[in-house]
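Everything on this sheet refers to the single structure shown next.
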Amino acid sequence: MKNEKMYHGITNIREDLVEEAEHHRFRSKKRVLKRALTVAACFVLVIGLSYGGVLLWLFGGAHAGGTAYNDRQYMAYEGPVFPLTMLENEGTLTAKRHLTYDFTGKAGAYGFPDALILDAYTLTNTSNEDMTYRFAYPFVASINTTKEYIPSILEYNIQTELHIGRYAGGYEGVWGAYDPEGTVNLDHISSWTEYRALLSDGTYMQDAFKEFPEMDQPVVIYEISNMQAHGEGASPTLKFSCEHDPTEVTSFALGTRGGSYDTKKGKFSYHFSLDADEVGYVFVIGGDLSTHSTQGYEDGGCDKGEELDITATITRKEGVLGEVLFDLLFAEWDGTFSSDVAFGAFAEMMYTNGFLAENPAERYRIDLSSLLSDARNVDRVMYLTFELTVPAGESKDITLLMQKAPSMDFAGKYKTRYGFDMVTRLGTNITFTEQKAKIVLDTEKYEFADQNFGFDLETGIFEVTLSLDTEHYYMDIRKKSEETE
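One point on numbering: in our numbering, the residue at position 305 of the sequence shown is 406, and numbering is uninterrupted.
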């Protein structure tokens, strides 16, 4: 059963329609929620060959890059290109990095092409022994966009695994920056310095390699079905009202069109619309409801004086929370990740910000739908891991290929700019002896609005040597046909 179709309703339920739990238990299955996803070794090689020989670009005649500091914020920030790192720092590896931004692809949804990123490394084993190193390559994506933005390795036939971190951003109130203590809206990361704060102490990456938490709590489920309105209404709605001690018991719903809660009085209500013909659910963990009642209304306002007779069947069930939610929400999952990995990310948000958190975000106080959507769509730092053996005293080349969307503002002074950036040392334990950057850009169509790489399109400087002391490099590109700011 797909969650998108769950919009339901209830009211005026007779006791003889409430079926007891011993006759209706969800099937039990043990789930070990691991973060790792095995990725096909050569999966994106064809993509690399489809960009008109972009792999033939060579580095040479480099110019020195700039050193300006930039903390530009974007309305939609796609995150920087991160450097390769090691899972265990053996102290025997040095590296040279050559990063290419290729903008010769087709224009995307916002009228500007995604960048084809070639992040090439020459890895040197400085020891007297052959060494097998374990690497991790960080990148920013959501569960729903991973298939589009996952990196791949061009050389060798390397087996890779993908590990996903938690939601990278935070929450804010209705008024955004003017309500920083609120938790109604998502507060996405908007600049590279926020990623620096997130990743600098290493705990985010460590957590990304741990197993997901299990939702093994016993749960009582009130399943509402067979809803029928006996009268007319603009949008017939069923209000399920209940009471319980919020310090001991937690309730939440699935398939509502709204609701209300008063934690001080221990009163909660969940509003189900009859516009859809599926099933609604109220979940209770930590005990059971003290009381519950139902009442129908003509519309979702559930206002006094607009009552409407609505009947339905309520079936009381018991089960284990994780098993129940997996069956309802992920049994028909079809995505890049396995259903277990996607469900694990959802379970993690339940504990960090959702109904299993000590202080849940207001955004998730009533219905699971928002949390389910956010778990799939929020940005995370993900880690593509692999092993590579480098002989003693020798070097090996390896190139990671990925697609990168532009960072953007949708309004305001910089709405005509398309931003791309990289970091040289954030999150890495590799000793770099050289880093270079190159750009492949149609200079008849595009120009720089701002950048600190040191590129000069007019004089033909398309490649630069970067300063290892500069932590962040950025560029904002615009179409020449656009008006300047």
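The beta-carbon is built from N, C-alpha and C at its ideal position, and this holds for glycine as well.
Relative to the Cα of N245, the nearest Cα in the group K514, T517 and M483 belongs to M483. Relative to the Cα of Y268, the nearest Cα in the group H289, Q260 and L255 belongs to H289.
I218 sits in a strand when the DSSP states are folded into three classes.
Under DSSP, Q552 forms a beta bridge with M576. Distance between G356 and E379, taken at the CA atoms: about 9 Å. Per DSSP, reduced to three states, the secondary structure at Y484 is strand. Contact between L224 and I540 is ruled out by a C-beta separation of about 24 Å, above the 8 Å threshold. In the DSSP assignment, the residues bridged to C343 are F369 and H393.
Bridge partners of Q307 according to DSSP: none are assigned. In the three-state DSSP reduction, L409 falls in the strand class (E or B). Three or more Cβ pairs drawn from the segment 404-416 and the segment 334-346 lie within less than 8 Å of each other, which places the two stretches in contact. Counting C-beta atoms within 10 angstroms of its own C-beta, N226 has 16 or more neighbours from the protein chains shown and is therefore classed as buried.
Short of 6 Å from the beta carbon of S361, and not among the five residues preceding or following it, lie these beta carbons of its own chain, in chain order: S370. When the Cα atoms are used, M187 and S253 turn out to be separated by approximately 17 Å. Beta-bridge partners assigned by DSSP to D498: T223.
Considering only L194, E189, M176 and G212, the residue with the shortest C-alpha distance to S582 is G212. Separation of the CB atoms of F487 and Q260 is rounded to 7 Å, and the pair is thereby assigned contact status at 8 Å. The Cβ atoms of T534 and K311 do not sit closer than 8 Å to each other. Assignment of beta-bridge partners to Y272 by DSSP yields L287. Shown here for A458: same chain residues with a beta carbon closer than 8 Å to its own, the five before and five after excluded, namely M451 and Y452 in chain order. DSSP, read as helix, strand or coil, puts K248 in helix. As the crow flies, the alpha-carbon of L219 is around 14 Å from that of D522. In its chain, beyond the 5 residues on either side, G110, M328, A330 and P337 have a beta carbon closer than 6 Å to the beta carbon of L375. Counting other Cβ atoms within 10 Å of its Cβ, R579 reaches 16 or more and is therefore classed as buried. Residue environment analysis places P492 among the exposed positions, since fewer than 16 neighbouring C-beta atoms fall within 10 angstroms of its C-beta.
Per DSSP, R477 lies in no beta strand (DSSP E); the unbroken alpha helix (DSSP H) holding it starts and ends at L469 to N478.
One thing to note: S291 has its Cβ no nearer than 8 Å to the Cβ of N478. In this structure, T525 places its C-beta atom within 8 Å of the C-beta atom of L567. If you draw a straight line from the Cα of E407 to the Cα of S508, it is about 48 Å long.
Scanning L489, A446 and F563 for the CA closest to the CA of L472 turns up A446.
Our two residues, G303 and G401, have alpha carbons roughly 47 Å apart in a direct line. N229 is classed as exposed because its beta carbon has fewer than 16 other beta carbons within 10 Å across all chains shown. Beta-bridge annotation (DSSP): F511 is not paired with any residue.
Only residues of its own chain outside the window of five on either side were considered, and among them T529 have a CB closer than 6 Å to the CB of P184, listed in chain order.
Per DSSP, reduced to three states, the secondary structure at L194 is strand.
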